[in-house]
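Here this note's numbering = 1-based position in the sequence shown + 34.
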Amino acid sequence: MKMKVVVSQEIETVCPNFVGAVVEAEVHNSKYNAELWAEIDEWGKKYKSEYTTETIKQISGIEATRRVYRACGKDPSRYRPASEALIRRMIQGKSLYQIDTLVDLINLASIAYGYSIGGFDADKFHGDTLTLGVGREGEPYEGIGRGMLNIAGLPVYRDALGGVGTPTSDNERTKIDINTRHLLVLVNGYDGNEISVRANAEYIIRLAEKYAEGKNSEFTLYR
């Protein structure tokens, strides 16, 4: 199934240069991949040697996402974008959470480019369209491992049933698990850098092919 992604007027207003990428692939998940974690560890060393928890906020994808959070009414230091949270842990010398190979490779792709990336089991979506809007007060949303999350003022992707992903946390309902066979990944380029977003999408495809037997992979840019 090829998913259509629509950017709402709400997002266009606060981020007129937004560019995203939707990546889809047939995959085979596994519990752990040592070679993948060796790559992740190398990125950890790089960030620890080159950045601090303050200077990572200047990375283009992180800075732009934080700016959009503020424009939508959310405090980015309280609800950190996932890319910032991941890199921040590395700089602090903390290990990243090891989940499974698909989630781990998506985290690597986020770390490498600084974009907050949503990863989903595409077979769990309702409908064939995702719409990027802004969370509303009282809107129900169960973040992965976080319980009910207040997404008011957060950018949020919705399928026909409701919210599935924000740059802070994806939803339990559509999360990747060990049985995921149809991967869908969303790259959020709030900095408007089409070249970087495209490169990030291509990188995700390479990682999926290398570590998750990815095939029939494709990506599409959307605005």
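Every residue, glycine too, gets a C-beta built ideally from N, C-alpha and C.
Owing to the predicted nature of the structure, the values given are computational and were not obtained by experimental measurement.
query: Using the Cβ count rule (16 or more neighbours within 10 Å means buried), how would you classify Pro-189?; result: buried
query: Just the Cα atoms here: how many angstroms apart are Asn-227 and Met-37?; result: 22 angstroms
query: Could you tell me which of Met-182, Arg-215, Arg-232 sits nearest to Val-56, measuring between CA atoms?; result: Arg-232
query: By DSSP's criteria, Met-124 is part of a beta bridge. Which residues make up the other side?; result: Met-124 is not bridged to any residue.
query: Could you name each continuous beta strand (DSSP E) segment of 3 residues or more that falls completely within the stretch 211-254, going from the start of the chain to the end?; result: 216-223
query: Just tell me which of Ile-133, Asn-205, Cys-106, Tyr-237 has its CA closest to the CA of Gly-187.; result: Cys-106
query: In the DSSP assignment, find the unbroken alpha helix (DSSP H) run with Leu-259 in it and report its ends.; result: The first residue shown for the chain is 35 and the last is 257, placing residue 259 beyond what the model contains.
query: Checking the sheet assignment: what are the DSSP bridge partners for Arg-114?; result: For Arg-114, which the question treats as bridged, DSSP gives no partner whatsoever.
query: Using the rule of at least 16 other Cβ atoms within 10 Å of the residue's Cβ for burial, across every protein chain shown, is Val-61 buried or exposed?; result: buried
query: Would you tell me roughly how many angstroms separate the C-alpha atoms of Gly-167 and Val-39, rounded to the nearest one?; result: 11 angstroms
query: Starting from the C-beta of Lys-91, find all residues in its chain whose C-beta is less than 8 angstroms away, skip the five residues before and the five after it, and write them out in chain order.; result: Glu-97, Arg-100, Glu-118
query: Does the count of Cβ pairs from the stretch 191-202 and the stretch 157-164 closer than 8 angstroms reach three?; result: yes
query: Between the Cα of Ser-150 and those of Glu-236, Arg-114, Ile-239, Leu-241, spot the shortest distance and give me the residue it belongs to.; result: Arg-114
query: Let me know the secondary structure DSSP gives Tyr-66 once reduced to three states.; result: coil
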